[in-house]
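For the sequence shown, the UniProt record's numbering assigns the number 1 to the initial residue and increments by one for each residue that follows. Glycine included, C-beta positions come from ideal geometry on N, C-alpha and C. Everything numeric in this text was worked out from a predicted model, so none of it was measured.
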Amino acid sequence: MTTAMPAKQIVPHSALPAFIQPHIATMIQMAIASKDGSYSVYSKFRVGASLLAYPTREFFLEATAAGAQPIPALPLDGSCPSEAAGQTGPQIIPGANVENASYGLTVCAERTAAVRAITGGRRYFAACVVAADDEESDVWPCGACRQFLAEFGLDTLIITIRPNGDISNVLTINELLPNAFTPANLFK
Ligand SMILES: [Zn+2]
Numbered sequence: 001m002t003t004a005m006p007a008k009q010i011v012p013h014s015a016l017p018a019f020i021q022p023h024i025a026t027m028i029q030m031a032i033a034s035k036d037g038s039y040s041v042y043s044k045f046r047v048g049a050s051l052l053a054y055p056t057r058e059f060f061l062e063a064t065a066a067g068a069q070p071i072p073a074l075p076l077d078g079s080c081p082s083e084a085a086g087q088t089g090p091q092i093i094p095g096a097n098v099e100n101a102s103y104g105l106t107v108c109a110e111r112t113a114a115v116r117a118i119t120g121g122r123r124y125f126a127a128c129v130v131a132a133d134d135e136e137s138d139v140w141p142c143g144a145c146r147q148f149l150a151e152f153g154l155d156t157l158i159i160t161i162r163p164n165g166d167i168s169n170v171l172t173i174n175e176l177l178p179n180a181f182t183p184a185n186l187f188k
């Protein structure tokens, strides 16, 4: 006897906030393609991420109020084409998980993308798409990544997708990490 699997939720792009709609297709493509850069020789569990990163939250608010503008995607191979070189505006930034023989040193896809963004001067993350190969269950950012991203804002939208690119969930860091310990606790 087989048990029917419950229908999987799909979040339509039209249900996303307006600011992300012009960019979500590129972000999904990039998160999926980023899995090819995964170094997951131990777990074989590839994860890709793409981050919609702005220099600051104020920059994001002004840019979204001004209307949709094209946002360049940082190439997966790390090269710097002319349109990305010297760019100080928003970017879509890829990342993939990187494992280590000393397992505890493994870094997740979300954090590799975030570190790239931060060191490139982009410290506000409007959204992060997370892609894995798991057909059966949703793959969410781990606790460490939630905390890492919370450092840069609690309203970052986390978007999980299925291997085929369908969106399965959309929640903010604040919803994923309630009562987070943040810079506000230290900067008084
Ligand atoms: Zn993680």
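> By a C-beta neighbour count over all protein chains shown, 10 Å radius and 16 as the cutoff for buried, is I10 buried or exposed?
Replying inline: Translated into positions along the sequence shown, residue 10 becomes position 10. By the 10 Å Cβ count, I10 comes out exposed.
> When a residue counts only if its C-beta is closer than 7 Å to some heavy atom of ligand 1, which residues count, in chain order?
Replying inline: Checking every Cβ against the heavy atoms of ligand 1 under 7 Å gives C108, E110, R111, P141, C142, A144, C145.
>> Short of 8 Å in beta carbon distance, which residues of its chain neighbour L176, apart from the five on each side in sequence? Order them along the chain.
In response: Residue 176 sits at position 176 when you count from the first residue of the sequence shown. Cβ within range, chain order: W140, P141, R146, I158.
>> If distances are taken between C-alpha atoms only, which option among A63, R122, D133 comes closest to K44?
In response: One-based indexing of the sequence shown puts residue 44 at position 44. Checking every option, the nearest Cα to that of K44 belongs to D133.
> For the region 106–180, which segments carrying the alpha helix (DSSP H) assignment without a break, of at least 4 residues, lie completely within its bounds, in sequence order?
Replying inline: Runs of the alpha helix (DSSP H) lying entirely within the region 106–180 and spanning at least 4 residues, in chain order: 109–119, 143–150, 173–176.
> Which whole-angstrom value is the C-beta distance of A150 and T182, which I expect to be below 8 Å?
Replying inline: Residue numbering aside, residue 150 sits at position 150 when the sequence shown is read from its first letter. Residue numbering aside, residue 182 sits at position 182 when the sequence shown is read from its first letter. Right, the Cβ-Cβ distance comes to about 6 Å (below 8 Å), so this counts as a contact.
> Assuming L52 contacts H13 under a Cβ cut-off of 8 Å, what Cβ separation, rounded to an integer in Å, is found between them?
Replying inline: For the purposes of this step, residue 52 is taken as the residue at position 52 of the sequence shown. For the purposes of this step, residue 13 is taken as the residue at position 13 of the sequence shown. The pair is not a contact, with the Cβ atoms about 14 Å apart (cut-off 8 Å).
>> Is the beta carbon of N174 closer than 8 Å to that of N155?
In response: By one-based count along the sequence shown, residue 155 stands at place 155. By one-based count along the sequence shown, residue 174 stands at place 174. The sequence given here has Asp at residue 155, not Asn. In this structure, N174 lies closer than 8 Å to D155 by Cβ.
> What's the C-alpha gap between A33 and G48?
Replying inline: Locating residue 33 in the sequence shown gives position 33, where the first residue counts as 1. Locating residue 48 in the sequence shown gives position 48, where the first residue counts as 1. Each residue's Cα considered, the two are about 7 Å apart.
> Mapping DSSP to helix, strand and coil, what is P55?
Replying inline: If you number the sequence shown from 1, residue 55 lands on position 55. Of the three classes helix, strand and coil, the one that applies to P55 here is coil, per DSSP.
> Using a Cβ-Cβ cut-off of 6 Å (strictly less than) and excluding sequence neighbours within five positions of A73, which residues of its own chain qualify?
Replying inline: Locating residue 73 in the sequence shown gives position 73, counting from the first residue. Only T26, M30, I92 meet the Cβ criterion.
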